[in-house]
Structure formats: structure tokens, C-alpha cells
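Student:
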Amino acid sequence: MSTAANSPLGAVDTLVIAGWTGRSRDAVDAHIRELEAIGVPPPRSVPLFYRVAASNLTPAPRVEVVGRTSSGEVEFVLVQARDGLWIGVGSDHTDRELEKRSVASSKQVCAKPVGTTFWRYEEVAGHWDSLELRSHVVRNGERRVYQHGSVGAIRAPQDLIERYCGSAALPVGTAMYCGTLPVHGAVEFADRYELELIDPVLGRTLHHVYEVTALPVVE
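Each number in our numbering corresponds to the 1-based position in the sequence shown with 912 added.
1) Quick check: the Cα distance between T1092 and V1130, rounded to an integer number of angstroms?
2) According to DSSP, simplified to helix, strand and coil, what is I865?
3) Go through the stretch 1040-1126 residue by residue and report every complete run of the beta strand (DSSP E) that reaches 3 residues or more, in order.
4) Which residue from L969, D938, A965 and G931 puts its Cα closest to that of S957?
5) With DSSP as the reference, please indicate the residues paired to Q992 in a beta bridge.
6) At the level of alpha carbons, what is the spacing between R1051 and Y1058?
7) Return helix, strand or coil for A923, following the three-state DSSP convention.
8) Can the beta-carbon of D941 be found closer than 9 Å to that of A966?
9) What's the C-alpha gap between P1128 and T1006?
10) Looking only at DSSP bridge pairs, what is S983 linked to?
11) Can you check which of these residues, E1123, V1113 and G934, is closest to A1037 by C-alpha distance?
12) Pairing CB atoms from the stretch 1119-1128 with CB atoms from the stretch 966-978, are three or more of them under 8 Å?
13) Mind checking which residues open and close the beta strand (DSSP E) that includes R974?
14) Quick one: is S1079 buried, meaning 16 or more other Cβ sit within 10 Å of its Cβ, or exposed?
15) Hey, out of W1031, E1035, V964 and S1014, whose CA is closest to V1108's CA?
16) Between the beta-carbon of S983 and the beta-carbon of A1065, is there less than 9 Å?
17) Could you spell out the range, first to last residue, of the beta strand (DSSP E) harbouring V964?
18) What residues match up with A930 in a beta bridge as DSSP calls it?
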């Protein structure tokens, strides 16, 4: 396991956001309906891969956004380093109002929070579908479960890698956010997001927590 001192994040120069990555069509359709409820048009095909500036990637404990129309979502994050593939946890924080007009732009305008601790993919590949993603949100002082489920609901890393670049490995220096799970309740802005990737087989969890500061909207 890596630590902040030797995190593979330092080598990242390419950031990819994979969207609509549910392993079953029913799961994809559920996420499409979830976003349609807030005005986001359905994708032209699934999955889709969005390039985002690598400078958006941040392990900071606080991010700033314009207004209160954005939200986060827990995702497993792949990072291809020279010494192999690593797995972390992050949030594809997205401006939901802008997403109604341009999904690509909505992803570019927000920071992409990510934890600094990673596991080697080879350590979890043999029991991959046992891993779980979970997030909590804090909104107006109230903490609640926002998302929870198996990574088995999301396309496996090798599937996403091959669909993105047509090979068995990501280019060195590439980080990929790999899609998310439906939320419990509504997609909404929160003051704090708590992210977890849980490995019940080896009894360990990756954590990342970040708070959100809403900047004033000035027209």
C-alpha cells in the first residue's frame, strides 16, 4: 500500500473521467434517470470517456465551487505508474447546472478530489467484486449515507482500460475515474463528502474526506 510520501499521484499528467459505466444496462439506465431528474440529457452511447485537465486532480481537504449546484460522487480511481496499476478512491465532483448544457464542461470546471493512499491492483484483482464503495454527505449539519454498493455493479478496470485505449494497460501517467453508484435520495450539494473504498477480504479501507466551499455567484 502506498502512503502520501510515495503516492503514484505525482506522476499523473493525464486525467480521464469514465461515465455511464454500470456493468448492467439496468444500472446504467437508473443513473441516466437519476440525472435526467435534474435536467441532464442522456448520453449518446455508453460508456463515455471525458478528458479533464490533470491539474484538477487534488488531494486537498477542501475544494471551492461557484454556487451550490455541484455535487460529488464516490468512485474508484485507477492510476498507471511505471511500477504498475494502483487503485484509489476519489470523487468526480461535477457542476450539475452546467451539466444540463455540457457534460464535458461540467466536469472540467470542478476539482477532482482524490485520496493519497493507494493499493496495488494486483492485491485486489483476485477478489475485485468483493470491494465496496460507500460515501456519506454532511448537509446543514446532518450526516447520512449517500451511496453504498459493490464495485461489481461497475465495469471492471480491465474492461474500462481496453474500451478507453484499446490495450491492456493505461499509458503511464494516466489517472481514470471509473464511474459511480446510484445515490440514496436526491443528487444534491453537500458541505462535506466522506469517501470509502472497502476491502472486506483483507480487512482494510481507503478513505478520503473533503469539504466544499460555495463561492458567491456574481453575474
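Even for Gly, the Cβ is constructed at its ideal location relative to N, Cα and C.
Tutor: Quick look at the numbers:
1) By one-based count along the sequence shown, residue 1092 stands at place 180. By one-based count along the sequence shown, residue 1130 stands at place 218. Going from the Cα of T1092 to the Cα of V1130 covers about 32 Å.
2) With the chain covering only 913 through 1131, there is no way to say anything about residue 865.
3) 1044-1051, 1054-1062, 1086-1089 and 1104-1111
4) Taking the first residue of the sequence shown as 1, we reach residue 957 at position 45. Among L969, D938, A965 and G931, the Cα nearest to that of S957 is on G931.
5) Mapped onto the sequence shown, residue 992 falls at position 80. In DSSP, Q992 forms a bridge with L997.
6) Here residue 1051 is taken as the residue at index 139 of the sequence shown, counted from 1. Here residue 1058 is taken as the residue at index 146 of the sequence shown, counted from 1. Using only the alpha carbons, I get a separation of about 11 Å.
7) Along the sequence shown, read from residue 1 onward, the residue named residue 923 stands at position 11. If DSSP states are grouped into helix, strand and coil, A923 belongs with the helices.
8) Translated into the one-based positions of the sequence shown, residue 941 becomes position 29. Translated into the one-based positions of the sequence shown, residue 966 becomes position 54. Cβ distance not < 9 Å, so D941 and A966 don't count as in contact.
9) Here residue 1128 refers to the residue found at position 216 when the sequence shown is read from its first residue. Here residue 1006 refers to the residue found at position 94 when the sequence shown is read from its first residue. For P1128 and T1006, the distance between alpha carbons rounds to 17 Å.
10) Taking the first residue of the sequence shown as position 1, residue 983 is located at position 71. T1006, per the DSSP bridge assignment.
11) Taking the first residue of the sequence shown as 1, we reach residue 1037 at position 125. Among E1123, V1113 and G934, the Cα nearest to that of A1037 belongs to V1113.
12) yes
13) Indexing the sequence shown from 1 puts residue 974 at position 62. Its beta strand (DSSP E) spans residues R974 to V978.
14) As a first step, residue 1079 must be located in the sequence shown, where it is residue number 167. Counting Cβ neighbours within 10 Å, S1079 comes out exposed, since fewer than 16 surround it.
15) Within the sequence shown, residue 1108 is the residue found at index 196, counting from 1. Here residue 1108 turns out to be Glu, not Val, going by the sequence shown. Cα-wise, what sits closest to E1108 is W1031.
16) Counted from its first residue, the sequence shown places residue 983 at position 71. Counted from its first residue, the sequence shown places residue 1065 at position 153. The answer is no: Cβ separation not under 9 Å.
17) Indexing the sequence shown from 1 puts residue 964 at position 52. Element bounds for V964: L960 to V964.
18) To locate residue 930, count along the sequence shown from 1; it is residue 18. BP columns for A930 point to F961.
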